[in-house]
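Input: a single structure, listed below in structure tokens.
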Amino acid sequence: MSKVDTLLAEFEAVCKNPKKAMDDFKAKTGKGCIGVLPVYAPEEIVYATGYLPVGIWGGKKPISKAATYLPAFACSIMQSILEMEIDGTYDDLAAVVISSPCDTLKCFGQKWKGKSPVIQFVHSQNRDFEASNTFMTEEYKFVKTKLEKILGITITDEAINKAIDVYNENRAVMRMFCEVAAMYPQVFDPVKRHTVIKARQFMDKAEHTKKVKELITEVMKESVVPYKGKKIILTGIMAEPNELLDVFKEFDLAVVADDLAQESRQFRTDVPSGSDPLYRLAKQWQNVDGCSLATDRDKPRGQMLVEMAHKYGADAIIVCMMKFCDPEEFDYPIMLQQFEAAGIRNLKIEIDQQSDSMEQIRTRVQSFVEMM
Amino acid sequence: MTETEGMNAKQKLGYYTNKFYEDALAAHGKGELVCWSSSIAPAEFCETMGIHMIYPENHAAAVGAKHGAIEILELAERKGYTMDNCSYSRINLAYMDLLVEEKKTGKTPAALAKLDELKIPRIPLPDIIITCNNICNTLLKWYENIAVSLNVPYIIIDTPYVHDWPIPQYTRDYMKEEFKRAIKQVEDVCGRPFDYEKFVKVQEQTQRSVAAWDKAMGMAAVVPSPLSGFDMFNYMALIVCARSNFAAEDTFTTLADELEAKAAAGIDAFKGGEKTRIAWEGIAVWPYLSHTYKALRALGMNMVGSTYPGAWSIHYEVGDFDAMADGYCRMYSNTCLDNKVNVISDVIENTHCTGILYHMNRSCKLMSFLNEETAEKVKERTGVPFASFDGDQTDPRNFSEAQYDTRVEALSEIMEQMIAEKKAKA
Ligand code: SF4
Ligand code: SF4
Numbered sequence: 012m013s014k015v016d017t018l019l020a021e022f023e024a025v026c027k028n029p030k031k032a033m034d035d036f037k038a039k040t041g042k043g044c045i046g047v048l049p050v051y052a053p054e055e056i057v058y059a060t061g062y063l064p065v066g067i068w069g070g071k072k073p074i075s076k077a078a079t080y081l082p083a084f085a086c087s088i089m090q091s092i093l094e095m096e097i098d099g100t101y102d103d104l105a106a107v108v109i110s111s112p113c114d115t116l117k118c119f120g121q122k123w124k125g126k127s128p129v130i131q132f133v134h135s136q137n138r139d140f141e142a143s144n145t146f147m148t149e150e151y152k153f154v155k156t157k158l159e160k161i162l163g164i165t166i167t168d169e170a171i172n173k174a175i176d177v178y179n180e181n182r183a184v185m186r187m188f189c190e191v192a193a194m195y196p197q198v199f200d201p202v203k204r205h206t207v208i209k210a211r212q213f214m215d216k217a218e219h220t221k222k223v224k225e226l227i228t229e230v231m232k233e234s235v236v237p238y239k240g241k242k243i244i245l246t247g248i249m250a251e252p253n254e255l256l257d258v259f260k261e262f263d264l265a266v267v268a269d270d271l272a273q274e275s276r277q278f279r280t281d282v283p284s285g286s287d288p289l290y291r292l293a294k295q296w297q298n299v300d301g302c303s304l305a306t307d308r309d310k311p312r313g314q315m316l317v318e319m320a321h322k323y324g325a326d327a328i329i330v331c332m333m334k335f336c337d338p339e340e341f342d343y344p345i346m347l348q349q350f351e352a353a354g355i356r357n358l359k360i361e362i363d364q365q366s367d368s369m370e371q372i373r374t375r376v377q378s379f380v381e382m383m
Numbered sequence: 007m008t009e010t011e012g013m014n015a016k017q018k019l020g021y022y023t024n025k026f027y028e029d030a031l032a033a034h035g036k037g038e039l040v041c042w043s044s045s046i047a048p049a050e051f052c053e054t055m056g057i058h059m060i061y062p063e064n065h066a067a068a069v070g071a072k073h074g075a076i077e078i079l080e081l082a083e084r085k086g087y088t089m090d091n092c093s094y095s096r097i098n099l100a101y102m103d104l105l106v107e108e109k110k111t112g113k114t115p116a117a118l119a120k121l122d123e124l125k126i127p128r129i130p131l132p133d134i135i136i137t138c139n140n141i142c143n144t145l146l147k148w149y150e151n152i153a154v155s156l157n158v159p160y161i162i163i164d165t166p167y168v169h170d171w172p173i174p175q176y177t178r179d180y181m182k183e184e185f186k187r188a189i190k191q192v193e194d195v196c197g198r199p200f201d202y203e204k205f206v207k208v209q210e211q212t213q214r215s216v217a218a219w220d221k222a223m224g225m226a227a228v229v230p231s232p233l234s235g236f237d238m239f240n241y242m243a244l245i246v247c248a249r250s251n252f253a254a255e256d257t258f259t260t261l262a263d264e265l266e267a268k269a270a271a272g273i274d275a276f277k278g279g280e281k282t283r284i285a286w287e288g289i290a291v292w293p294y295l296s297h298t299y300k301a302l303r304a305l306g307m308n309m310v311g312s313t314y315p316g317a318w319s320i321h322y323e324v325g326d327f328d329a330m331a332d333g334y335c336r337m338y339s340n341t342c343l344d345n346k347v348n349v350i351s352d353v354i355e356n357t358h359c360t361g362i363l364y365h366m367n368r369s370c371k372l373m374s375f376l377n378e379e380t381a382e383k384v385k386e387r388t389g390v391p392f393a394s395f396d397g398d399q400t401d402p403r404n405f406s407e408a409q410y411d412t413r414v415e416a417l418s419e420i421m422e423q424m425i426a427e428k429k430a431k432a
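And the structure:
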């Protein structure tokens, strides 16, 4: 097995069995894990506690008990999370952090069925003036105080500033990884690319950074060869399950960049420098751009994607539409106009974590590729 | 005001509602400024500067109530919106496109002509828009789309979700800065300084309107009630549109007088037919307003409890930005489950309801996704039974008369049984 393969296998193992990654962390540090729901949370504060922040992004799970508490017109990611809450999947977590950028998440933070204590917080949506930063600093103080109370510890500014360094480094490395993945689509098919990115949800970010750096170094030793298939950009909340990415792979579609909430949006924006760590985190939220969850009078997302398509020479943009996700669904008609105006091919496919069959999507992708 | 002298409340409602739309259209024709606003956004800033206010939710409700929704909803779907988005927003965004098309081509698109035929009031395109997410975050996205489509200034009054009660001071501080910023934006659009003297007058008028509204709606507490909640749904149009002017005060004062006279004479809204009293949680089903009313009427169920009246009861001392921030932020759907449960339970207790009906609204995630938890907790506190039905405030495709009737009948039976048991015990 080549070094690259070994590293990829390690990332895959983490994604396939996050429970083990969490248990290993516990065994090593004596500390537990804290759940972080999508999309944005001040993870650095969580990291500063010494506990492992783990991403909770749902998964494939037949919905039965959750149906009592959530009607069918809720996004599938929250349906699966709720089902797993009821099943006790998250009960080992020392706490769960939930943001409230959409109407679904506002409700979600109030209806957690698991046993772990919940810390809900809210982002400002009038972001482009100083009052937003003041508000967010206070809101993050609230998160910090709650964490301290639940865990019985004190979180120092120094620890958060250090965590910010760790996270900013991970972000930079991940941005570089995405560039490298675009150069080596033969190595990083859609599933492998996703696996490397997804693993950061369950790994200590410092550890993840180290491994991704190794991976980049190894891959860069190989020469770049022209790619025979087509190049695509993904946008949306997420492009799961893996069976979906397998369909892209089947038709030789390479993901050369993404604007997925679960992927690049997580590391697109660094935390700016400064001394007060909470204020720094607040500023980061102000800098978030082109995301359906961050209100922006100029709505730059569509244009940003058009530019991305030009930059990476992408043949098409695939909109991975999380079913019943209002924020994303409202962005779509505007993006569509912008794609059409720029002459960029695009395809909307529906994301449903519970979906069993990829047949419909396969047919649509196939005819889309044939038209390219 | 002599123009409404001698009119009863219902006539005043009709008169002012029409006038309101006509005035805005005429003003727009004269080049005066128009603002589109969400229904519970602070109107005070624009009203102060003489900007004409249009409330798309209200207009969309009228489209629904006058059975004009289907075709325009399909237009929105063709633009890329899905059936899952709030139907108010879909109607408004499609209507906006029709207005733009008309303006560009000089010809009235067929779909718009059809709505005109249904006597759905015309609204002018906006010069500025304002939204406040105290009712939902969907509005932020909806108005964002208007802002980029029309390239107009967008005032956001962000009322951060109150996940832990009470409302923190720093939330109010943030909102106060937003108010200042809104004033600046209004100044920029108008090209003249904000008129603080007029602002005081507008605030005073708003408080008088709200007081008259409170008084009229408060009559629902009388047993038997002279006010039916469905009338309240109708009068609501005016507290939305005319909160900051005399029209609301005038109409609701008359209404309160009429209701007081009825109550004194012991006349209820059903003319003696009130058997049970229920609360209605959620928005009305506008395309089926008549059906939803008649099904209750047939069973003697008077709908007297609603969180609606409270939604516009925004009280503050004139000139007190802190209180104003608090008032706009505390809208119950913008707050945690515990507060929501308290607000609904208070409504049930204050209006002596014996049951509550929950609208599981396909359009409105925020007003639906906590229904189960709310219903359980409200029942725990008040002891009143509940039922739930599936619907949508303006998309007629998402409502079934048969399901509604069955649910309502079941609730009626439980309530009557509970009342009988209570009587037997006494
Ligand atoms: S509606 Fe969209 S943003 Fe909100 S929780 Fe669901 S997927 Fe996430
Ligand atoms: S119906 Fe619900 S989603 Fe639509 S505008 Fe009203 S509160 Fe928002």
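Chains as they are written, first to last, in my numbering: chain A, 12 to 383; chain B, 7 to 432.
Even glycine gets a Cβ: it sits at the ideal position worked out from N, Cα and C.
Is it a yes or a no for the segment 188-203 of chain A touching the segment 221-238 of chain A, going by three-plus beta-carbon pairs under 8 Å?
yes
Buried or exposed for L79/B, going by 16 or more other Cβ atoms inside 10 Å?
buried
Pull up the CB-CB distance for Y94/B and S369/B, whole angstroms please, since I reckon it's below 8 Å.
Y94/B to S369/B, Cβ: 7 Å. Contact.
Tell me, please, whether the segment 236-253 of chain A touches the segment 261-272 of chain A by the rule of three or more beta-carbon pairs shorter than 8 Å.
yes
Express the C-alpha separation of A227/B and H358/B in angstroms, rounding to a whole number.
Their Cα atoms are separated by approximately 7 Å.
Pop quiz: G46/A and V108/A are said to be a contact at Cβ under 8 Å. What is the actual Cβ separation, rounded to whole angstroms?
7 Å
Can you give the Cα-Cα distance for R303/B and I76/B, rounded to whole angstroms?
27 Å
Count the other C-beta atoms from every protein chain shown that fall within 10 angstroms of the C-beta of R279/A, then say buried if there are 16 or more, exposed otherwise.
Buried is the call here.
Round the Cβ separation of T400/B and V69/B to the nearest angstrom and send it over; I've been treating them as touching at under 8 Å.
7 Å
Look up F392/B in the DSSP assignment and give the residues it is bridged to.
I362/B, per the DSSP bridge assignment.
Do D200/A and K239/A count as a contact pair if the criterion is CB distance below 8 Å?
no
Would you say T246/A faces chain B, with C-beta separation under 8 Å as the test?
no
One question on the structure: do P391/B and K385/B come within less than 8 Å of each other, judged by their Cβ atoms?
yes
Note down, in chain order, every chain A residue with its Cβ under 9 Å from the Cβ of A6/B.
Because residue 6/B is not part of the residues shown, which for chain B are 7 to 432, the question remains open.
Based on the DSSP output, what are the partners of T280/A in its beta bridges?
Answer is none; T280/A lacks a bridge partner.
Relative to the C-alpha of W296/A, which residue among Y151/A, I67/A and V380/A is closest?
Y151/A
Could you tell me how far apart the beta carbons of A490/B and E184/B are, in whole angstroms, since I believe they sit closer than 8 Å?
Here chain B has residues from 7 to 432 only, and residue 490/B is not among them.
Curious, which full-length alpha helix (DSSP H) runs of at least 4 residues does the segment 31-102 of chain A contain?
54-58 and 87-98
Answer with buried or exposed for P73/A, where buried requires no fewer than 16 other C-beta atoms within 10 angstroms of its C-beta.
exposed
Does any heavy atom of ligand 2 sit closer than 7 Å to the C-beta of S351/B?
no
Compute every distance between the C-beta of L99/B and the non-hydrogen atoms of ligand 2, then say whether any falls below 7 Å.
no
Taking A32/A and M214/A to be in contact with their CB atoms under 8 Å, please state how far apart those CB atoms are, rounded to whole angstroms.
Sure, about 6 Å apart at Cβ, within 8 Å.
To which residues of the same chain is K18/B closer than 7 Å at the C-beta, ignoring the five residues directly before and after it?
T10, D256, T257 and T260
Determine, for T145/A, whether the minimum Cβ-Cβ distance to residues of chain B falls below 8 Å.
yes
By the 10 Å Cβ neighbour count, where 16 or more other Cβ atoms means buried, how is Y160/B classified, buried or exposed?
buried
Report buried or exposed for P199/B, applying the criterion of at least 16 other Cβ atoms within 10 angstroms of its Cβ.
That one is exposed.
Starting from C138/B and walking both ways along the beta strand (DSSP E), at which residues does that stretch end?
I134 to C138
Taking a Cβ distance cut-off of 7 Å, strictly less, list which residues of the segment 355-383 of chain B are near chain A, in chain order.
M366, R368, K371, L372, S374, F375, L376, E378 and E379
Reducing DSSP to helix, strand and coil, say where C370/B ends up.
coil
Please list, in chain order, the chain B residues whose beta carbon lies closer than 9 Å to that of T407/A.
Limits of chain A in this structure are 12 at one end and 383 at the other, which puts residue 407/A out of reach.
Within its chain, find whatever has a CB closer than 7 Å to the CB of L316/A; leave out the 5 residues flanking it on each side and keep chain order.
I244, T246, D270, I328 and M346
Where F205/B and R187/B are concerned, what is the direct C-alpha to C-alpha distance, given to the nearest angstrom?
Looking at the two C-alpha atoms, the distance is approximately 15 Å.
Measure the alpha-carbon distance for M59/B versus A49/B and round it to whole angstroms.
8 Å
CA-CA distance, K190/B and D300/A?
Straight-line Cα distance between these residues: approximately 24 Å.
If you follow the beta strand (DSSP E) that A271/B is part of, which residue opens it and which one closes it?
Element bounds for A271/B: n/a, residue is neither H nor E.
Would you kindly work out how many angstroms separate the C-alpha atoms of E180/A and P311/A, rounded to a whole number?
Cα-Cα distance, rounded: 26 Å.
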